[in-house]
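J.: Structure below; questions to follow.
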Amino acid sequence: MNRSVDIALHEVILRLSLSYKLQSPFPFIASSPMGIAALCSSIPTAIGDETIDHNYAEKSVWWPELEMEMAGNEVCFFNGPLSVLGSLESSQILFLKCAIAAFLLLFRQRRRIDRLTYTVDFYSHRRRFREMVYANDVSCFDQIRMCRATFDRLCGMLTTIGGLTPTKNMLVDEQVAIFLHILAHHIKNRVIQVEFCRSGESISRTFNQVLSCMMRLGGVLLKTPEPVPQDSTDGRWKWFKNCLGALDGTHIKIRVPNADKPRYRNRKGEISTNVLGVCSQDEQFIYVLTGWEGSEADGRLLWDAVNRPNGLKVPRGEVAIT
């Protein structure tokens, strides 16, 4: 390679490196003629009779901020010509132009980041989904904790009452299946992305949409208890005359320091707290006592609840069933 061309290439690469604040220039371009020739062979330009298709090159290679002119035998780079162009021949200048284009093309490809896509054929995706949910009741129950008939009824209620609508790439049943699968197995967004071939943003948006529609079914699926009147004519109620309500203790699993675990270990070997609850005739909580260790019996909780200053007060003539 001509020494003037080599000096010009070094100057071009140095200016590019300083302009784009690269950590280091590409040394193989400046020192390897074969590397330059290989890069020049991939440049999308039409070279003939020592000319370059400037219109095509400007669209596909050049960046406006470079302010580079490549007309005739003059190469102006960053509003300043290269220092050694006067000693170069036209063929050498053409080769220099190709080297500059190769550098820009390579640098542009290095800056491009490939994004992870979840593009799957719609029908192949539906086949995979149907094998997961609609294959049989056993697999459906394993995945979403309900049989296929119940799942279909829930999808219908969410569509008609909850207002859930299909999207361009996801039908209602898949949205509901994603929601139920997360609740059934308590798995993370990243796991659902792999199982349903959906992006994390789509999974999060679908879960929130189905949850909002599910809340609208509260008035249909949740029945409020009917209060029992004081003068009930039910023949079974005569055995519970003057009954204030029912009370019982229940164990709730908790986490405690290692030093306190023996006191909170119940008869089943679990670490829990014993909570006393009292319900009225219309199934409303009227008293709750918390804080006792799981090793304590219900009788100890009842004694503490009755003897507290602000504890459970049973009116005279009333009884509480345990």
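For the sequence shown, the UniProt record's numbering gives the first residue as 1, with consecutive numbering after it.
Backbone N, C-alpha and C define an ideal beta-carbon position, used for all residues, glycine too.
1) Do valine 278 and isoleucine 271 have their CB atoms nearer than 7 Å?
2) Quick one: give me the first and last residue of the beta strand (DSSP E) that tryptophan 292 is part of.
3) Start and end of the beta strand (DSSP E) containing alanine 135?
4) Buried or exposed: where does tryptophan 292 fall if 16 or more other Cβ atoms within 10 Å of its Cβ makes it buried?
5) When the Cα atoms are used, what is the spatial distance from lysine 168 to phenylalanine 129?
6) Does the Cβ-Cβ distance between isoleucine 187 and isoleucine 203 come in under 7 Å?
7) In this structure, does DSSP put leucine 244 in helix, strand or coil?
8) Taking buried to mean at least 16 other C-beta atoms within 10 Å of its own C-beta, is methionine 215 buried or exposed?
9) Taking the CB atoms as reference points, tell me whether leucine 276 and leucine 301 lie closer together than 7 Å.
10) Can you tell me whether isoleucine 36 is buried or exposed? The criterion is at least 16 other CB atoms within 10 Å of its CB, across all chains shown.
11) Starting from glycine 277, trace the alpha helix (DSSP H) in both directions and tell me its first and last residue.
12) Does the beta-carbon distance from leucine 180 to valine 172 come in below 7 Å?
13) Taking its Cβ as the centre, do 16 or more other Cβ atoms sit within 10 Å of tyrosine 123, making it buried, or is it exposed?
14) Compare the beta carbon distance of cysteine 213 and glycine 162 with 7 Å and say whether it is the shorter of the two.
15) Tell whether a beta-carbon distance below 7 Å holds between alanine 305 and glycine 299.
16) Given this structure, state the Cα-to-Cα distance separating isoleucine 178 from phenylalanine 207, to the nearest angstrom.
17) Report, in whole angstroms, the separation of the C-beta atoms of arginine 265 and serine 295, which I expect to be a contact under 8 Å.
18) In the DSSP assignment, what are the bridge partners of threonine 250?
19) Alpha carbons only, please: which of Asp282, Lys253, Lys238 and Arg236 is nearest the one belonging to threonine 224?
20) Using a 10 Å radius around the Cβ and a threshold of 16 neighbouring Cβ atoms, would you call isoleucine 252 buried or exposed?
T.: If we stick to the structure as given:
1) Indexing the sequence shown from 1 puts residue 278 at position 278. Indexing the sequence shown from 1 puts residue 271 at position 271. For valine 278 and isoleucine 271, no; Cβs fall outside 7 Å.
2) Position 292 of the sequence shown, counted from the start, is the residue given in the question as residue 292. Note, tryptophan 292: beta strand (DSSP E), 285–293.
3) Residue mapping note: residue 135 aligns to position 135 of the sequence shown, counting from 1. For alanine 135, there is no enclosing beta strand (DSSP E), since its DSSP letter is neither H nor E.
4) For the purposes of this step, residue 292 is identified with residue 292 of the sequence shown, where counting begins at 1. The residue is buried, with at least 16 neighbouring Cβ atoms inside 10 Å.
5) On the sequence shown, position 168 is the one that residue 168 refers to. On the sequence shown, position 129 is the one that residue 129 refers to. Cα-Cα distance, rounded: 16 Å.
6) As a first step, residue 187 must be located in the sequence shown, where it is residue number 187. As a first step, residue 203 must be located in the sequence shown, where it is residue number 203. No. Outside cutoff.
7) Numbered from its first residue, the sequence shown carries residue 244 at position 244. Strand.
8) Taking the first residue of the sequence shown as position 1, residue 215 is located at position 215. Classification of methionine 215: exposed, given that the 10 Å Cβ count is below 16.
9) For the purposes of this step, residue 276 is identified with residue 276 of the sequence shown, where counting begins at 1. For the purposes of this step, residue 301 is identified with residue 301 of the sequence shown, where counting begins at 1. The answer is yes: Cβ separation under 7 Å.
10) Residue 36 sits at position 36 when you count from the first residue of the sequence shown. Residue placement at isoleucine 36 cannot be trusted, given a pLDDT of 40 that sits under 50; the coordinates are not used to answer.
11) Looking up residue 277 in the sequence shown gives position 277. Unbroken run through glycine 277 is the beta strand (DSSP E), 272–279; no alpha helix (DSSP H).
12) For the purposes of this step, residue 180 is taken as the residue at position 180 of the sequence shown. For the purposes of this step, residue 172 is taken as the residue at position 172 of the sequence shown. Going by C-beta atoms, leucine 180 is not nearer than 7 Å to valine 172.
13) Mapped onto the sequence shown, residue 123 falls at position 123. The residue in question, tyrosine 123, is exposed, as its Cβ has fewer than 16 Cβ neighbours within 10 Å.
14) If you number the sequence shown from 1, residue 213 lands on position 213. If you number the sequence shown from 1, residue 162 lands on position 162. In contact: cysteine 213 and glycine 162 (Cβ atoms closer than 7 Å).
15) Indexing the sequence shown from 1 puts residue 305 at position 305. Indexing the sequence shown from 1 puts residue 299 at position 299. No, the Cβ-Cβ distance between alanine 305 and glycine 299 is not below 7 Å.
16) The residue labelled residue 178 in the question sits at position 178 within the sequence shown. The residue labelled residue 207 in the question sits at position 207 within the sequence shown. The straight-line gap from Cα to Cα measures roughly 7 Å.
17) Taking the first residue of the sequence shown as 1, we reach residue 265 at position 265. Taking the first residue of the sequence shown as 1, we reach residue 295 at position 295. Right, their Cβ atoms sit about 6 Å apart.
18) What you label residue 250 is simply residue 250 of the sequence shown in a count that begins at 1. According to DSSP, which records beta bridges pairwise, threonine 250 is partnered with Val275.
19) For the purposes of this step, residue 224 is identified with residue 224 of the sequence shown, where counting begins at 1. Minimum Cα distance to threonine 224 is reached at Asp282.
20) Position 252 of the sequence shown, counting from 1, holds the residue named residue 252. So isoleucine 252 ends up on the exposed side.
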